[in-house]
Amino acid sequence: MLRLGYKASAEQFGPRRLLDYAIEAERAGFDSVFVSDHFQPWQAFGTLGSLHPGRFICGLGTGEHLNEGALGITWPDNKERFARMREAVKLIRRLWSEQSVTFEGEYYKTLNATIYDRPDQPVPIYIGAGGPQVAKYAGRAGDGLICTSGKGMELYSEQLLPAFADGVTESGRDAGALDRMIEMKVSYDTDRDRAMEDTKIWAALALPGELKANVNDPREMERLAKTAEETAHRRWLVSSEPDEHIDRLRPYLELGFRHLVFHHPGEDQSRFIELYSKQILPRLRKEFDS
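Now the structure itself:
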């Protein structure tokens, strides 16, 4: 089944506006809404899973210095962050399912820890992956894969999806039961100039990874992003015509992604939700939801 979602970007909008946009997206026919939360989300998800069973997933990744650097910790290398994530997943699953958890890990320790809001049914854990090693782990231990568009089709066709499939095979699970989700960076508007201009808000996405890796101050990231405004559109699918837009989305669907979450960069999210729900979502469902 094809699922088409909406990205509510907490980096760009406050909670009141995000809630309004989420409601608009649901009413307009989007199947899911995803929002980012970088600080210790596991306890909140236990509560959400208890209040609304089956409506939430928890997406976890190895982190980014810009976000988690605010915790004031020494920023670990990739290998350690991956190890920390694997250990965290084990601990989170136990906290969600056991009454009292004593855990002695390499990085995390608990003594008779209890989450009083334990969900009756497990909250699915999706793993965000940018490379094959983490993608394989997502297939082996996660309930779904999360990645982002605009990084070259070979990354998905030759690395992420094959590695995810290998992990699923190792786990002995049914691949059809696991979600393959991709956050699609789309700037869609009937006015192409406006669609291009909107991408400048997220110009930081166009910066080289090595330049962003050690930045932990949002003000510095904003300064760097100003230098990339004229190339910001390269990370986005910029379109003003429905046919062109569907053609640019098609390769991702043909690779096997069945859950597309659309992230639009502009300030007028209500306009995007209305345009997309009328001009794009019905066509995607007609062609690919079989």
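Under our numbering, think of the first position of the sequence shown as 2, with each following residue one higher. Glycine included, each C-beta is placed from N, C-alpha and C at the ideal position.
Residue nearest to residue i in terms of C-alpha spacing, selected from the options
i, options, result
"S278", "M2, S10, L3, A26", "A26"
"E255", "Y157, K186, P283", "Y157"
"N79", "T63, F273, G70, G73", "T63"
"V218", "A84, A205, L162", "Looking at the sequence provided, one finds Asp at residue 218 rather than Val. For D218, the nearest C-alpha among the options comes from A205."
"E231", "V239, L250, A207", "A207"
"A176", "V216, R259, Q100, G106", "R259"
"T228", "E268, I147, K213", "K213"
"E245", "E12, R224, L285", "L285"
"G173", "Q160, G143, M86", "G143"
"G50", "E211, Q280, R94, E223", "R94"
"Q134", "N113, Y108, Q122, L162", "L162"
"Q270", "L19, E12, I247", "L19"
"R220", "G210, E275, A71, E159", "A71"
"Q44", "E105, A178, A89", "A89"
"E268", "Q122, L250, P209, R195", "R195"
Cutoff 6 Å; reference residue i; Cβ partners in own chain excluding five residues on either side
i, result
"I202", "P266"
"T149", "E184"
"H234", "M197, T200"
"G140", "F165, G168, V169"
"A23", "A9, V34"
"K186", "S150, G151, R236, W237, H264"
"A226", "A204, A205"
"D290", "L3"
"E171", "R141"
"Q13", "none"
Exposed unless 16 or more other CB atoms sit within 10 angstroms - verdict on residue i
i, result
"M154", "exposed"
"A136", "buried"
"R236", "buried"
"K287", "exposed"
"L282", "buried"
"L61", "buried"
"Y138", "buried"
"M2", "exposed"
"S188", "buried"
"I74", "exposed"
"L261", "buried"
"L52", "exposed"
"Q160", "buried"
Pair within 7 Å by beta-carbon distance, residue i and residue j
i, j, result
"W97", "R82", "no"
"C59", "I116", "no"
"T111", "V102", "yes"
"S241", "T191", "yes"
"S33", "G55", "no"
"D180", "G129", "no"
"K8", "F35", "yes"
"L92", "Y109", "yes"
"Q280", "P243", "yes"
"A29", "I274", "yes"
Any non-hydrogen atom of the ligand ADP within 6 Å of residue i CB
i, result
"R85", "Among the components of this structure there are no ligands whatsoever, and the ligand ADP is therefore not found."
Cutoff 7 Å; reference residue i; Cβ partners in own chain excluding five residues on either side
i, result
"H1", "Examination of residue 1 is not possible in this model, given that the chain is present from 2 through 291 alone."
"Q100", "T115"
"F57", "F46, L49, G50, V124"
Residues near residue i by beta carbon distance below 8 Å, same chain, minus five either side
i, result
"S84", "The displayed chain sequence assigns Ala, not Ser, to residue 84. Closer than 8 Å at the Cβ level, and outside the excluded window around A84, lie E107, Y108."
"G257", "L162, R181"
Checklist entry - At what residue ranges does the segment 5-47 contain a whole run of the beta strand (DSSP E), taking only runs of 3 or more? => result The beta strand (DSSP E) runs of length 3 or more contained entirely in the segment 5-47 are, from start to end of the chain, 33-36.
Next on the checklist: Please give the ranges of any alpha helix (DSSP H) in the segment 66-154, keeping only runs that are unbroken, at least 4 residues long and fully inside the region.
Outcome noted: With a minimum length of 4 residues, the continuous alpha helix (DSSP H) runs that stay inside the segment 66-154 are 66-69, 79-98, 133-142.
Next on the checklist: Please give the ranges of any alpha helix (DSSP H) in the segment 183-240, keeping only runs that are unbroken, at least 4 residues long and fully inside the region.
Outcome noted: Uninterrupted alpha helix (DSSP H) stretches at least 4 residues long and entirely within the segment 183-240 occur at 193-199, 210-213, 219-227, given in chain order.
Item to check | 3-residue-minimum beta strand (DSSP E) runs that sit fully inside the segment 260-289, ordered along the chain | outcome: Counting only runs of at least 3 residues, the segment 260-289 fully encloses the following beta strand (DSSP E) elements, listed from N- to C-terminal order: 260-264.
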